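Chemist:
Residue numbers (this note's numbering): 615 to 1194.
#1: Along the chain, where does the alpha helix (DSSP H) that runs through residue 621 open and close?
#2: CB residue 869 to CB residue 978, shorter than 9 Å?
#3: Quick check: the segment 661-679 against the segment 728-735, are at least 3 beta-carbon pairs closer than 8 Å?
#4: Does the distance from the C-beta atom of residue 1077 to that of residue 658 stay below 9 Å?
#5: Can you say whether residue 1087 is buried or exposed, counting buried as having 16 or more other CB atoms within 10 angstroms of its CB?
#6: Using the Cα positions of residue 1091 and residue 1156, report the straight-line distance between them to the nearest angstrom.
#7: Would you call the CB atoms of residue 758 and residue 790 closer than 9 Å?
#8: Rounded to whole angstroms, what is the Cα-Cα separation between residue 934 and residue 890?
#9: Just to confirm the assignment, what range does the alpha helix (DSSP H) spanning residue 846 have?
#10: What number of angstroms, rounded off, separates the C-alpha of residue 1040 from the C-alpha of residue 762?
#11: Short of 8 Å in beta carbon distance, which residues of its chain neighbour residue 650, apart from the five on each side in sequence? Order them along the chain.
#12: By alpha-carbon positions, which one of 1010, 999, 818, 1031 ends up nearest to residue 957?
#13: Which of helix, strand or coil does DSSP assign to residue 567?
#14: Specify the secondary structure class of residue 1193 as computed by DSSP and reduced to three states.
#15: Please classify residue 645 as buried or exposed, where buried requires at least 16 neighbouring CB atoms within 10 angstroms.
#16: Helix, strand or coil: which one does DSSP assign to residue 894?
#17: Counting pairs of beta carbons, one from the segment 901-916 and one from the segment 793-804, are three or more of them closer than 8 Å?
#18: Based on the DSSP secondary-structure assignment, which residues constitute the bridge partners of residue 572?
#19: Counting only runs that start and end within the segment 739-796, where is the alpha helix (DSSP H) found for 4 or more residues in a row?
#20: On the DSSP letters alone, give me the boundaries of the alpha helix (DSSP H) that residue 1065 sits inside.
#21: Pull up the DSSP beta-bridge partners for residue 1086, would you.
#22: Within the continuous beta strand (DSSP E) that includes residue 657, where are the two ends?
#23: Taking the alpha helix (DSSP H) that residue 999 belongs to, which residues open and close that run?
#24: Could you say if the segment 1119-1127 and the segment 1044-1056 meet the contact criterion of at least three C-beta pairs nearer than 8 Å?
#25: Are residue 663 and residue 691 touching if we call contact CB-CB under 9 Å?
#26: Extract the residue ranges of the alpha helix (DSSP H) inside the segment 911-997, only unbroken runs of 4 or more that lie entirely within it.
#27: Alpha carbon to alpha carbon, how far is residue 640 from residue 735?
#28: Once the 5 residues before and after residue 792 are set aside, which same chain residues still bring their CB inside 6 Å of it?
#29: Output the boundary residues of the beta strand (DSSP E) element that contains residue 1010.
#30: Which residues in the same chain as residue 1019 place their Cβ atom closer than 7 Å to its Cβ, once the five residues preceding and following it in sequence are excluded?
#31: Is the segment 810-830 touching the segment 1014-1030 in the sense that three or more CB pairs, one from each, lie closer than 8 Å?
#32: Exposed or buried, what is residue 725 when buried is set at 16 or more other beta-carbons lying within 10 Å of its beta-carbon?
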């Protein structure tokens, strides 16, 4: 069957099971947009290419399927760099299709030309510049294979206009079904080394103060059920990093919460005082370790990761296992069972008792909102949590609101917390929520955003309105770049440089309404529950609830930059209880 590059691309995406993609047309990619009209794939028209990338990420986080973004050449492709790097750092499966000038024009500084593959080489797992239309089916098949196997990540496919343009003879070829990917050197190791697994099992059984240090790799491997089985077998407490929230139920008695710079006291100190860290799909990020030479000084380390580059990159493991983390956990369960299972475990009563004492002494706290007081952002997050369905998907931007959301929301289901962890991209929340809702239309999706983040990507609410994707936005508006303000107050002698925005400018309620959203403004604690209930009952269009909150609130606990985790600063109200 004869076909052309444009038709072949869309057919190839359909063969990969793509149901929705996010994009914006332009000259170089225009020939591809014509066959989209007749395709089963839903196309979501974004208002900025960066939004397309973050929507693809949100879709991938929520569904586990690769997200797909499609944009044109030049500035459109460069606008994709941020979401590509964001996906790369957080191991998000994503395929990005970019248009390119005609192959013969590459290198001539043609209109809207950019060296897209060169620019994105360091921010993608792999990228392709396709020179022959006949290579499109196989290239797309290999792109999806690379994006979704091993350590997931973004893959870019750059398509010169001539090979997708049916008016150009070079775009015509005889269709051939794609075959098994032919990728010499790419062969991710999934199965763990059984001898290493047995050594790890022996360390686990002997440990007196062990901690399961769980990272986002658990979710990428769809390993939440295996993790639960392991924790319950060995009765070892669990900490879930920012990228792993929901991988282990917050309501479970073994869950200590989130570690790291703004983790809770018990989670942070459990790692500091442990004698064995069992790192599962986590990468010893600097926001978790604090000053590295003071991190968990007495702990041996078992490190399981699909990416061999992570083993020993930051902390040398005593046992390093390259494998799919779900398969490694299943092997650990078997090995521990062979060594005696639950009955063989060391008595950890004192360890559990010590951690319980920390939980009782240093819970997350803030000063309650009272009638007439300024609205507390933590209170808002608690009320959102308690008045939304248990399986609500929550996305966040980056900053104070992100930390409060990760601290105060209770995640009992995996794949319900979506945020930008490694790159820390402001503006992530709203487009990610749109992508998540497009992939999971029957779920409630709340985007928790700050006023700084909101102003970066709010235009995508036009996309949500036009495409009838009814997300809900909780805008935590304190009139500042809140996290920057917190640092300037604590570490720069309250010298507030270029950090004040304004609670009133722009008028967020009017702006939201202009973009086709329902809009609600909340300024006092008494109004919060009614506003959330109203928002949860609006399902025919997006809704924005602007919560005008107290700008003086800070995120605690906090490990100051350059400090060890033992120097964790707790809320001022707890500092007389022995916390720093």
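By construction, the Cβ of each residue, glycine as well, lies at the ideal position given by its N, Cα and C atoms.
Owing to the predicted nature of the structure, the values given are computational and were not obtained by experimental measurement.
Modeler: Taking the structure as given:
#1: Position 7 of the chain shown, counting from 1, holds the residue named residue 621. Residues 619-629.
#2: Start at 1 with the first residue of the chain shown, and residue 869 comes out as number 255. Start at 1 with the first residue of the chain shown, and residue 978 comes out as number 364. Contact: no.
#3: Segments in contact, no.
#4: One-based indexing of the chain shown puts residue 1077 at position 463. One-based indexing of the chain shown puts residue 658 at position 44. Against a cut-off of 9 Å, the Cβ pair of residue 658 and residue 1077 comes out as a contact.
#5: Taking the chain shown and counting its residues from 1, one reaches residue 1087 at position 473. Per the 10 Å Cβ criterion, buried.
#6: By one-based count along the chain shown, residue 1091 stands at place 477. By one-based count along the chain shown, residue 1156 stands at place 542. Roughly 18 Å between the two C-alpha positions.
#7: Position 144 of the chain shown holds residue 758. Position 176 of the chain shown holds residue 790. For residue 758 and residue 790, no; Cβs fall outside 9 Å.
#8: By one-based count along the chain shown, residue 934 stands at place 320. By one-based count along the chain shown, residue 890 stands at place 276. Approximately 13 Å between the Cα atoms of the pair.
#9: Within the chain shown, numbered from 1, the residue matching residue 846 stands at position 232. Where residue 846 is concerned, the enclosing alpha helix (DSSP H) stretches over 838-848.
#10: On the chain shown, residue 1040 is found 426 positions in, with the first residue counted as 1. On the chain shown, residue 762 is found 148 positions in, with the first residue counted as 1. Distance between the alpha carbons of residue 1040 and residue 762: 26 Å.
#11: Working through the chain shown from its first residue, we reach residue 650 at position 36. Only 624, 657 meet the Cβ criterion.
#12: Position 343 of the chain shown holds residue 957. Nearest of 1010, 999, 818, 1031 to residue 957, Cα basis: 818.
#13: In the structure displayed, the chain extends from 615 to 1194; residue 567 sits before or after that span and is not available.
#14: Position 579 of the chain shown, counting from 1, holds the residue named residue 1193. Since pLDDT at residue 1193 reaches only 48, below the 50 mark, its modelled position is unreliable, and the value read off the structure follows with that caveat. Reduced to three states, the DSSP call for residue 1193 is coil.
#15: The residue labelled residue 645 in the question sits at position 31 within the chain shown. So residue 645 ends up on the buried side.
#16: Position 280 of the chain shown, counting from 1, holds the residue named residue 894. The answer is strand: DSSP assigns residue 894 an E or B state.
#17: no
#18: Residue 572 lies beyond the stretch modelled for the chain, which goes from 615 to 1194, so this question has no answer here.
#19: Runs of the alpha helix (DSSP H) lying entirely within the segment 739-796, each at least 4 residues long, are 750-762 in chain order.
#20: By one-based count along the chain shown, residue 1065 stands at place 451. Taken as a continuous stretch (DSSP letters only), the alpha helix (DSSP H) holding residue 1065 covers 1065-1071.
#21: Counting from one through the chain shown, the residue named residue 1086 turns up at place 472. 1060, 1157.
#22: By 1-based counting over the chain shown, the position of residue 657 is 43. Where residue 657 is concerned, the enclosing beta strand (DSSP E) stretches over 656-659.
#23: Here the question's residue 999 lines up with position 385 in the chain shown. 991-1000 is the extent of the alpha helix (DSSP H) around residue 999.
#24: The segment 1119-1127 is not in contact with the segment 1044-1056.
#25: Working through the chain shown from its first residue, we reach residue 663 at position 49. Working through the chain shown from its first residue, we reach residue 691 at position 77. With contacts defined as CB atoms closer than 9 Å, residue 663 and residue 691 qualify as a contacting pair.
#26: 939-952, 963-975
#27: For the purposes of this step, residue 640 is taken as residue 26 along the chain shown, with counting starting at 1. For the purposes of this step, residue 735 is taken as residue 121 along the chain shown, with counting starting at 1. Going from the Cα of residue 640 to the Cα of residue 735 covers about 23 Å.
#28: For this step, residue 792 is matched to residue 178 along the chain shown. Closer than 6 Å at the Cβ level, and outside the excluded window around residue 792, lie 751, 752, 755.
#29: One-based indexing of the chain shown puts residue 1010 at position 396. Residues 1007-1010.
#30: In the chain shown, residue 1019 corresponds to position 405, counting from 1. Excluding sequence neighbours, residue 1019 sits near 995, 1008, 1010, 1062.
#31: No contact exists between the segment 1014-1030 and the segment 810-830.
#32: For this step, residue 725 is matched to residue 111 along the chain shown. Residue 725 should be labelled exposed.
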